[in-house]
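Going by our numbering, the sequence shown opens with residue 66, and the numbers climb by one from there.
C-beta atoms are modelled at their ideal positions from N, C-alpha and C, and glycine is treated no differently.
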Amino acid sequence: MKSWRLLFLLFLAPLHSHAQNDFSGSWKGHLTQGAGGYTPEYEFELYLVQKGTQITGRSYVKTGRIYAVMELTGEVVDGQWVHFTETHILDNWKYEDMDWCYKEARLRLTFDGKRKRLEGPWTGLTAGHSPCIPGEISLAKQVPRA
66 MKSWRLLFLL FLAPLHSHAQ NDFSGSWKGH LTQGAGGYTP EYEFELYLVQ KGTQITGRSY
126 VKTGRIYAVM ELTGEVVDGQ WVHFTETHIL DNWKYEDMDW CYKEARLRLT FDGKRKRLEG
186 PWTGLTAGHS PCIPGEISLA KQVPRA
(Lines of atoms letter the chains of each structure in order from A and count residues from 1; the text may use other names and numbers.)
(Lines give C-alpha, C1' and ligand atoms only; values in the text may rest on other atoms or scores of the structure.)
Protein backbone atom coordinates (compact mmCIF):
# COMPACT_ATOMS: atom_id res chain seq x y z
CA MET A 1 0.00 0.00 0.00
CA LYS A 2 2.84 2.41 0.81
CA SER A 3 4.41 1.81 -2.59
CA TRP A 4 1.12 2.82 -4.29
CA ARG A 5 1.03 6.05 -2.28
CA LEU A 6 4.64 6.80 -3.18
CA LEU A 7 3.96 6.08 -6.85
CA PHE A 8 0.87 8.34 -6.75
CA LEU A 9 2.86 11.19 -5.13
CA LEU A 10 5.66 10.82 -7.68
CA PHE A 11 3.09 11.04 -10.47
CA LEU A 12 1.60 14.25 -9.03
CA ALA A 13 4.96 15.98 -8.40
CA PRO A 14 5.52 17.07 -12.03
CA LEU A 15 1.92 18.27 -12.32
CA HIS A 16 2.30 20.30 -9.15
CA SER A 17 5.55 21.91 -10.30
CA HIS A 18 3.93 23.09 -13.56
CA ALA A 19 0.88 24.42 -11.73
CA GLN A 20 2.99 26.57 -9.37
CA ASN A 21 3.93 29.23 -11.91
CA ASP A 22 1.30 31.92 -12.17
CA PHE A 23 2.21 34.34 -14.94
CA SER A 24 -0.54 36.84 -14.02
CA GLY A 25 0.64 40.34 -13.24
CA SER A 26 2.90 43.06 -14.54
CA TRP A 27 6.18 42.30 -16.35
CA LYS A 28 8.53 45.16 -17.32
CA GLY A 29 11.74 45.39 -19.29
CA HIS A 30 12.80 45.89 -22.87
CA LEU A 31 12.39 44.65 -26.41
CA THR A 32 15.20 44.76 -28.95
CA GLN A 33 14.95 44.91 -32.72
CA GLY A 34 17.67 44.02 -35.22
CA ALA A 35 19.42 46.36 -37.64
CA GLY A 36 17.01 48.23 -39.90
CA GLY A 37 14.30 48.73 -37.27
CA TYR A 38 13.26 52.17 -36.04
CA THR A 39 15.50 51.87 -32.95
CA PRO A 40 17.49 48.98 -31.45
CA GLU A 41 15.70 49.01 -28.06
CA TYR A 42 12.20 49.84 -26.77
CA GLU A 43 10.58 49.88 -23.33
CA PHE A 44 8.24 46.88 -23.18
CA GLU A 45 5.64 45.72 -20.65
CA LEU A 46 3.17 42.86 -20.41
CA TYR A 47 0.06 42.83 -18.22
CA LEU A 48 -1.09 39.21 -18.09
CA VAL A 49 -4.11 37.37 -16.69
CA GLN A 50 -3.78 33.59 -16.50
CA LYS A 51 -6.78 31.26 -16.23
CA GLY A 52 -5.64 27.66 -16.36
CA THR A 53 -3.22 27.56 -19.26
CA GLN A 54 -4.87 30.45 -21.14
CA ILE A 55 -3.34 33.94 -21.13
CA THR A 56 -5.03 37.23 -21.97
CA GLY A 57 -3.74 40.73 -21.48
CA ARG A 58 -2.07 43.75 -22.97
CA SER A 59 1.36 44.73 -24.15
CA TYR A 60 2.84 48.23 -24.05
CA VAL A 61 5.78 49.28 -26.24
CA LYS A 62 7.38 52.74 -26.12
CA THR A 63 10.33 54.73 -27.39
CA GLY A 64 10.30 58.50 -26.95
CA ARG A 65 6.81 59.78 -27.92
CA ILE A 66 6.02 56.67 -29.95
CA TYR A 67 3.93 54.03 -28.17
CA ALA A 68 1.32 51.33 -28.65
CA VAL A 69 -0.99 49.41 -26.34
CA MET A 70 -2.04 46.07 -27.83
CA GLU A 71 -4.39 43.31 -26.76
CA LEU A 72 -2.91 39.83 -26.67
CA THR A 73 -3.89 36.20 -26.21
CA GLY A 74 -1.79 33.16 -25.56
CA GLU A 75 -1.08 30.13 -23.46
CA VAL A 76 1.26 28.72 -20.85
CA VAL A 77 3.22 25.75 -22.22
CA ASP A 78 4.72 23.12 -19.89
CA GLY A 79 4.43 25.54 -16.96
CA GLN A 80 7.66 27.26 -18.05
CA TRP A 81 6.83 29.11 -21.27
CA VAL A 82 4.43 31.89 -22.26
CA HIS A 83 3.46 31.95 -25.92
CA PHE A 84 1.51 35.07 -26.92
CA THR A 85 0.26 36.84 -30.02
CA GLU A 86 -0.82 40.48 -30.18
CA THR A 87 -4.26 40.66 -31.78
CA HIS A 88 -5.09 44.36 -32.19
CA ILE A 89 -4.08 47.91 -31.27
CA LEU A 90 -6.03 49.54 -28.43
CA ASP A 91 -4.18 52.88 -28.40
CA ASN A 92 -1.08 54.29 -30.12
CA TRP A 93 0.88 57.22 -31.45
CA LYS A 94 3.42 56.95 -34.27
CA TYR A 95 4.75 58.87 -37.24
CA GLU A 96 2.70 58.48 -40.43
CA ASP A 97 5.39 56.55 -42.30
CA MET A 98 5.67 53.88 -39.58
CA ASP A 99 3.92 50.51 -39.30
CA TRP A 100 3.28 48.62 -36.07
CA CYS A 101 4.50 45.06 -35.64
CA TYR A 102 1.94 42.60 -34.29
CA LYS A 103 4.34 40.51 -32.25
CA GLU A 104 4.37 36.83 -31.46
CA ALA A 105 6.76 35.48 -28.83
CA ARG A 106 7.59 32.37 -26.87
CA LEU A 107 9.16 33.52 -23.61
CA ARG A 108 10.84 31.21 -21.11
CA LEU A 109 10.52 31.63 -17.36
CA THR A 110 13.89 32.04 -15.65
CA PHE A 111 14.94 33.21 -12.21
CA ASP A 112 17.38 35.98 -11.29
CA GLY A 113 17.77 35.16 -7.61
CA LYS A 114 14.15 35.10 -6.44
CA ARG A 115 12.93 37.41 -9.20
CA LYS A 116 10.98 35.84 -12.05
CA ARG A 117 12.00 36.76 -15.59
CA LEU A 118 10.53 36.10 -19.05
CA GLU A 119 13.00 36.03 -21.93
CA GLY A 120 13.03 34.97 -25.54
CA PRO A 121 12.79 35.91 -29.20
CA TRP A 122 9.92 37.68 -30.93
CA THR A 123 8.81 37.86 -34.54
CA GLY A 124 5.99 39.81 -36.11
CA LEU A 125 3.98 41.03 -39.06
CA THR A 126 2.66 44.47 -39.93
CA ALA A 127 -1.06 45.02 -40.59
CA GLY A 128 -0.19 44.60 -44.28
CA HIS A 129 1.36 41.19 -43.49
CA SER A 130 4.95 42.28 -44.14
CA PRO A 131 7.51 40.63 -41.85
CA CYS A 132 9.00 42.78 -39.09
CA ILE A 133 12.66 42.81 -38.16
CA PRO A 134 12.73 40.41 -35.17
CA GLY A 135 14.47 40.76 -31.85
CA GLU A 136 14.52 39.67 -28.21
CA ILE A 137 12.32 40.37 -25.18
CA SER A 138 13.61 40.50 -21.59
CA LEU A 139 11.16 41.20 -18.73
CA ALA A 140 11.13 41.02 -14.93
CA LYS A 141 7.97 40.33 -12.92
CA GLN A 142 6.96 43.35 -10.88
CA VAL A 143 6.16 42.99 -7.20
CA PRO A 144 2.60 44.16 -6.45
CA ARG A 145 2.48 47.23 -4.22
CA ALA A 146 -0.11 47.82 -1.54
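Just so you know, the alpha carbons of Ala-211 and Ser-89 end up roughly 17 Å apart. Checking the DSSP bridge columns, you'll see Phe-149 partnered with Gly-139, Ala-170. The beta carbon of Tyr-167 sits closer than 6 Å to the beta carbons of Glu-151, Gly-189, Leu-190 from its chain, once the five residues preceding and following it are set aside; these are given in chain order.
Under the three-state reduction of DSSP, Val-208 is assigned to coil, being neither helix nor strand. Here the alpha carbon of Tyr-103 sits roughly 31 Å from the alpha carbon of Arg-180. Following the DSSP letters along the chain, one finds Phe-109 inside the beta strand (DSSP E) bounded by residues 106–116. Take Val-134, set aside five residues on each side of it, and the residues of its chain with a beta-carbon closer than 8 Å to its own are Arg-123, Ser-124, Tyr-125, Ile-154, Leu-155, Asp-156, Asn-157, in chain order.
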